[in-house]
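**Q** Residue numbers (the working numbering): 73 to 220. Where is the CB? At the ideal position from N, CA and C, for every residue including glycine. Handing you a structure now.
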Amino acid sequence: MRPEPSRFLGVAAGHLMTKTAAAIESGYEQSSVSVIGLMLTQLAEEFDRAAARRVEENRTLREIFAQAIDDVADDDLRAKLAEAASGDDPDLAVAALEQSNCELRALLIELHAHVEELDSPAARDLEAEIWRELVASTERRKLGIGPF
Numbered sequence: 073m074r075p076e077p078s079r080f081l082g083v084a085a086g087h088l089m090t091k092t093a094a095a096i097e098s099g100y101e102q103s104s105v106s107v108i109g110l111m112l113t114q115l116a117e118e119f120d121r122a123a124a125r126r127v128e129e130n131r132t133l134r135e136i137f138a139q140a141i142d143d144v145a146d147d148d149l150r151a152k153l154a155e156a157a158s159g160d161d162p163d164l165a166v167a168a169l170e171q172s173n174c175e176l177r178a179l180l181i182e183l184h185a186h187v188e189e190l191d192s193p194a195a196r197d198l199e200a201e202i203w204r205e206l207v208a209s210t211e212r213r214k215l216g217i218g219p220f
């Protein structure tokens, strides 16, 4: 047997929501079990996309950094952007991808703050690109079943 985590989580969630919750008499405990079932469903969804979402976002952030290098006035920031833009994700473990993502997002914040201080059409274009990515990254994180 080869357990598929998302399948297991889906079956466990379904059992909790349809069998276990129905067998519990207490309203509070019944609600708690149902919520745990919903959370397992969302965990299964996140499990399926965890690596792909982070790889896509990391690649996009590196592309933004590569675009930004010529428009940045600060030499230290330009060097950080060049280093980040030339990086990749050799380790596809979710924890490694998440660490890279956190580092890249911190650099994106630094870049965004810098760009907001610049007064040029290129800076406005870059700022718009940053905002597009922030919206896209929010969309990538949306869950199929309600907000948690």
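Note down the Cα distance separating alanine 168 from glycine 159, rounded to an integer number of angstroms.
**A** For the purposes of this step, residue 168 is taken as residue 96 along the sequence shown, with counting starting at 1. For the purposes of this step, residue 159 is taken as residue 87 along the sequence shown, with counting starting at 1. Near 13 Å, if we compare the C-alpha coordinates of glycine 159 and alanine 168.
**Q** State buried or exposed for phenylalanine 80, treating a residue as buried only when at least 16 other CB atoms are found within 10 Å of its CB.
**A** For the purposes of this step, residue 80 is taken as the residue at position 8 of the sequence shown. With fewer than 16 Cβ atoms within 10 Å of its Cβ, phenylalanine 80 is classed as exposed.
**Q** Skipping 5 residues on each side, what residues in its chain have a beta carbon closer than 6 Å to that of alanine 154?
**A** In the sequence shown, residue 154 corresponds to position 82, counting from 1. Ile141, listed in sequence order.
**Q** Measure the CB-CB distance between valine 166 and alanine 123 and report whether it falls below 8 Å.
**A** By one-based count along the sequence shown, residue 166 stands at place 94. By one-based count along the sequence shown, residue 123 stands at place 51. A contact, by the Cβ cut-off of 8 Å.
**Q** Three or more C-beta pairs closer than 8 Å, one from the segment 86 to 96 and one from the segment 174 to 188: is that the case here?
**A** Cβ pair count under 8 Å is below three, so no.
**Q** What's the call for arginine 121, buried or exposed, on a 16-neighbour Cβ count within 10 Å?
**A** As a working note, residue 121 is residue 49 in the sequence shown. Looking at its Cβ environment, which holds fewer than 16 other Cβ atoms inside 10 Å, arginine 121 is exposed.
**Q** Identify, in the order they occur along the chain, each residue of the same chain with its Cβ nearer than 8 Å to the Cβ of glutamine 171, setting aside the five sequence neighbours on each side.
**A** Stepping through the sequence shown from its first residue, residue 171 is reached at position 99. No residues qualify anywhere along the chain.
**Q** In angstroms with no decimal places, state the Cα-to-Cα distance between glutamate 201 and valine 144.
**A** By one-based count along the sequence shown, residue 201 stands at place 129. By one-based count along the sequence shown, residue 144 stands at place 72. If you take the alpha carbons of glutamate 201 and valine 144, they lie about 14 Å apart.
**Q** Can you tell me whether phenylalanine 220 is helix, strand or coil according to DSSP?
**A** Translated into the one-based positions of the sequence shown, residue 220 becomes position 148. With a pLDDT of 49 at phenylalanine 220, under the threshold of 50, the modelled position of that residue is not reliable, and no figure is offered here.
**Q** From Asp163, Thr210, Ala185, pick the residue whose C-alpha is nearest to that of leucine 198; which is it?
**A** On the sequence shown, position 126 is the one that residue 198 refers to. Comparing Cα positions, the closest option is Ala185.
**Q** How is serine 78 classed by DSSP in three states: helix, strand or coil?
**A** Walking along the sequence shown from the start, residue 78 turns up at place 6. Residue state, collapsed to three classes: helix.
**Q** Does DSSP put leucine 164 in a helix, a strand or coil?
**A** As a first step, residue 164 must be located in the sequence shown, where it is residue number 92. Of the three classes helix, strand and coil, the one that applies to leucine 164 here is coil, per DSSP.
**Q** With three or more C-beta pairs closer than 8 Å as the rule, is the segment 129 to 139 touching the segment 95 to 110?
**A** Verdict: no, contact absent.
**Q** Could you tell me the distance, in whole angstroms, from the CA atom of methionine 111 to the CA atom of glutamate 182?
**A** Taking the sequence shown and counting its residues from 1, one reaches residue 111 at position 39. Taking the sequence shown and counting its residues from 1, one reaches residue 182 at position 110. The straight-line gap from Cα to Cα measures roughly 34 Å.
**Q** At 4 residues or longer, and completely inside the segment 141 to 194: list those alpha helix (DSSP H) runs for me, N to C.
**A** You should have 147 to 157, 166 to 189.
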